[in-house]
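For the sequence shown, the working numbering assigns the number 5 to the initial residue and increments by one for each residue that follows. Ideal Cβ placement from N, Cα and C applies to all residues, glycine included. Predicted model only: the values in this text are computed from it and were never measured. Here's the structure, in structure tokens; my notes come after.
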Amino acid sequence: MSRVLFLMPTHTYRARAFLQAARKLGIQAVVGSEKTQALEPYTSGKTLTLNFLKSDEAVHKIVQFCEEFPLDAIIPVDDDTVVVAAKASQQLGLPSNPPEAVQATREKHRLREKLHKAGLQVPNYKIFHTGEDVKTLSQQVNYPCVLKPVFLSASRGVIRANQADEFIHAFHRIKKILEDSEVVQRGGDLAELVLVEDYVPGIEVALEGLLTHGQLKVLAIFDKPDPLEGPYFEETIYVTPSRLDSEMQDKIKNCVQETTRVLGLQHGPIHAEIRINEQGVWIIEIAARSIGGLCARSLRFDRDTTLEELILRHALGEDVSPWQRESQASGVMMIPIPKAGTLKAIRGLDEAKLIAGIEDVILSIPVGQPVIPLPEGNRYLGFIFARRETPQAVETAIRKAYQRLQIEIS
5 MSRVLFLMPT HTYRARAFLQ AARKLGIQAV VGSEKTQALE PYTSGKTLTL NFLKSDEAVH
65 KIVQFCEEFP LDAIIPVDDD TVVVAAKASQ QLGLPSNPPE AVQATREKHR LREKLHKAGL
125 QVPNYKIFHT GEDVKTLSQQ VNYPCVLKPV FLSASRGVIR ANQADEFIHA FHRIKKILED
185 SEVVQRGGDL AELVLVEDYV PGIEVALEGL LTHGQLKVLA IFDKPDPLEG PYFEETIYVT
245 PSRLDSEMQD KIKNCVQETT RVLGLQHGPI HAEIRINEQG VWIIEIAARS IGGLCARSLR
305 FDRDTTLEEL ILRHALGEDV SPWQRESQAS GVMMIPIPKA GTLKAIRGLD EAKLIAGIED
365 VILSIPVGQP VIPLPEGNRY LGFIFARRET PQAVETAIRK AYQRLQIEIS
């Protein structure tokens, strides 16, 4: 029986899906997390406590673990674990990406620098220190611009500024986010940096793929029908297959493939965020892991295979090139948090689930819990999933379902 180590922060949405996939495929799962499991002393070889913030220490523990319990693959399920997975896999001789390539995907300024040096299309950008005089900085950038922390994900701390006073306000707001003790612990010196780049207008799509020996297999291209123009960049609806023409989809694939080549990424899942306008195709973000949140549930492949199952098969050396996404259109909506406060109730769930094409509506924040919207927050209220004959029908179903929801926040 194959044994796979899943590197899972305790806050991940993805644990259940990956563990179910492992069970279905007859794979022995080992859970590596930053918190000790209550039953760890009684579950030898099935759990491993790791400090993901100290990658060398975590890698040493994984290598020691492997001496007694040999591993066939290491799969990171979130951004916080991709570097540890790459380093440990390299030491153990398992298929992986070079750690330096993965590190570049985790630091937005390094990503921009590498792509710029390679001649790829990137927006003009500058790196500022949070201790610099913000009024002076506001005179050194082009408008409109986008300010963002260099290591946070899920659009946390990403703010558009159209003029100097908006820049100053946004900079102070991001600085406050970066002063949070948990953020400082995660980012270290990176929590003192702010990336500022020219705003790139246009439509946005996401690409989900798998790399094998550096070659990209596109699993899906998602349209994002809601405009992402700021001042914050909260993602909502993803729909696949894309309604863009085949020529444009080829350009998107080629752009992502070239980006992975420049970075040196070689193996495993890839998730990329792309903007498209009259100037061409722009890589906004690329990550060496699969799509986040519960959004992977919107993807299904041959023989009712989930994305997590496909990733596992690939990690264990199976040729996944013949596998194709289902013929039906599908989509997901990440339910946004409309304001800060305490979640009192979400009504209309049953009515939303009755809309034709809606497969499920899942809440991810319990009633009674505090909720924080972007740019300070980093969670969604939940997810709406749909499948229908066409992308437009999926989008329509999701919007109708969302309209049925009544969200009460005190």
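DSSP places threonine 16 in the coil class of the three-state scheme, outside both helix and strand. With a minimum length of 3 residues, the unbroken runs of beta strand (DSSP E) contained wholly in the region 118 to 177 fall at 129 to 133, 149 to 153, 163 to 165. Bounds of the beta strand (DSSP E) holding glutamine 219 are 219 to 227. For asparagine 281, the pairing in a beta bridge is given by DSSP as Gly284.
Counted as a single uninterrupted DSSP element, the alpha helix (DSSP H) harbouring alanine 108 occupies residues 103 to 110. Bridge partners of isoleucine 290 according to DSSP: Ala276. In the structure shown, the three-state DSSP call for glycine 213 is strand. Cβ-Cβ distances below 6 Å link leucine 223 to Glu212, Gly213 in the same chain, with the five nearest sequence neighbours on each side left out; the list follows chain order. In the DSSP annotation of this structure, the continuous segment of the beta strand (DSSP E) that includes glutamine 410 starts and ends at 410 to 413.
It is roughly 36 Å from the alpha-carbon of arginine 114 to the alpha-carbon of serine 6. Under the three-state reduction of DSSP output, serine 250 falls in the helix class. Separation of the CB atoms of proline 395 and valine 200 is rounded to 35 Å, and the pair is thereby denied contact status at 8 Å. In this structure, isoleucine 341 lies near valine 375, with their beta-carbon atoms less than 8 Å apart.
Taking C-beta atoms as the reference points, leucine 215 and histidine 271 count as a pair closer than 8 Å. Sequence-distant partners of isoleucine 66 (beyond 5 residues in either direction) whose C-beta falls short of 6 Å from its own C-beta, in its chain, are Ala92. Its chain contains Ile181 as the residues whose beta carbon lies nearer than 7 Å to that of glutamate 380, once the 5 sequence neighbours on both sides are disregarded; these appear in chain order. Rounded to the nearest angstrom, the gap between the Cα atoms of serine 302 and phenylalanine 226 is 10 Å. Counted as a single uninterrupted DSSP element, the beta strand (DSSP E) harbouring aspartate 202 occupies residues 197 to 202. Here glycine 192 carries a helix assignment [DSSP, helix/strand/coil]. Ranked by how close their Cα comes to the Cα of glutamine 407, the residues Leu367, Arg383, Gln373, Ile359 have Ile359 in first place. With fewer than 16 other CB atoms across the displayed protein chains lying within 10 angstroms of its CB, serine 250 is exposed.
Excluding its 5 nearest sequence neighbours in each direction, alanine 89 has C-beta neighbours in its own chain below 6 Å: Leu11, Ile78, Pro80, listed in chain order.
The three-state reading of DSSP puts valine 63 in helix, counting H, G and I together.
The three-state reading of DSSP puts glutamate 239 in coil, since its state is none of H, G, I, E or B. Excluding residues up to 5 positions away in sequence, Gly386, Phe387 lie with their Cβ nearer than 6 Å to the Cβ of isoleucine 366 in the same chain. For leucine 316, no beta strand (DSSP E) encloses it; the enclosing alpha helix (DSSP H) starts and ends at 311 to 319. Between glutamine 107 and the set Ile178, Thr14, Val198, Gly268, the nearest pair of CA atoms involves Gly268.
In the structure shown, threonine 244 adopts extended strand secondary structure according to DSSP, grouped into three states. Closest in C-alpha terms to proline 326, from the list Glu61, Lys221, Val35, comes Lys221. Under a 10 Å Cβ-count criterion, arginine 160 is classified as buried, with 16 or more other Cβ atoms of the shown protein chains found around its own Cβ. A straight line joining the alpha-carbon of glutamate 233 with that of glutamine 253 spans about 22 Å.
The secondary-structure analysis by DSSP pairs threonine 263 with nothing; it has no beta-bridge partner. Segment contact: the region 271 to 281 against the region 128 to 138, fewer than three CB-CB distances shorter than 8 Å; contact not assigned.
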